[in-house]
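One structure below.
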Amino acid sequence: MGREIRRVVASWHICEGERSEAPLDVWLIDSVGECTRITTGSDQCLIVECAEPHEPYDLGEWGRIEVGEDLGEHPFLRHLGQTVESVAEFALPEQGRTHLEIGFPDGHRVRADCHEGDLRLTRPASARSRPEASP
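First residue of the sequence shown? That's 38 in the numbering used here, and the numbers climb one at a time after it.
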């Protein structure tokens with residue numbers, strides 16, 4: 038919290054020329070060069086740790102894992118250069134961390150969670166962008 042996101046790196050599974058729909062890992066690299074990795078565990082919990090991006094690697098007949106900044110339509114991209122204003126973690130006793138929400142000065146957030154075993158990154162509606170209720 039309180040640091041600017043300078044770079045976003047992700048890893049993707051590539052098989053028969055097709056890239057996985059969702060990234061396997063995402064690394065947020067901040068203004069002091071520290072890396073925060075967001076990924077999922079085999080038990081479908083969300084893992085958040087300090088770790089550098091790993092190198093791409095070959096999976097033989099199952100394809101390969103590519104690592105880089107080609108993120109496509111990635112929710113964190115619009116926040117490059119912005120400061121992380123808030124971080125909220127949510128967990129269940131029997132499951133561990135279920136999701137993480139990272140907030141930015143413009144009121145928008147990026148939510149990371151595990152959906153059917155895959156890392157899912159979304160932009161939930163922000164409080165500032167919701168329509169006001171009628172009296």
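Note that the Cβ used here is the ideal one computed from N, Cα and C, for glycine as well.
query, result
"To the nearest angstrom, report how far apart residue 81 and residue 135 are at their CA atoms.", "8 Å"
"Do you know whose CA, among 133, 48 and 162, lies nearest residue 78's CA?", "133"
"For the beta strand (DSSP E) containing residue 78, list its first residue and its last residue.", "Looking at the DSSP string, residue 78 is not in any beta strand (DSSP E), and its letter there is neither H nor E."
"Does the stretch 63 to 78 come close enough to the stretch 92 to 99 that 3 or more CB-CB pairs lie under 8 Å?", "no"
"Drop a sphere of 10 angstroms on the beta-carbon of residue 99, count the other beta-carbons inside from all chains shown, and report buried for 16 or more, exposed for fewer.", "exposed"
"Could you check what DSSP says for residue 96 in three-state terms: helix, strand or coil?", "coil"
"Per DSSP, residue 69 is paired with what?", "Per DSSP, none; premise fails for residue 69."
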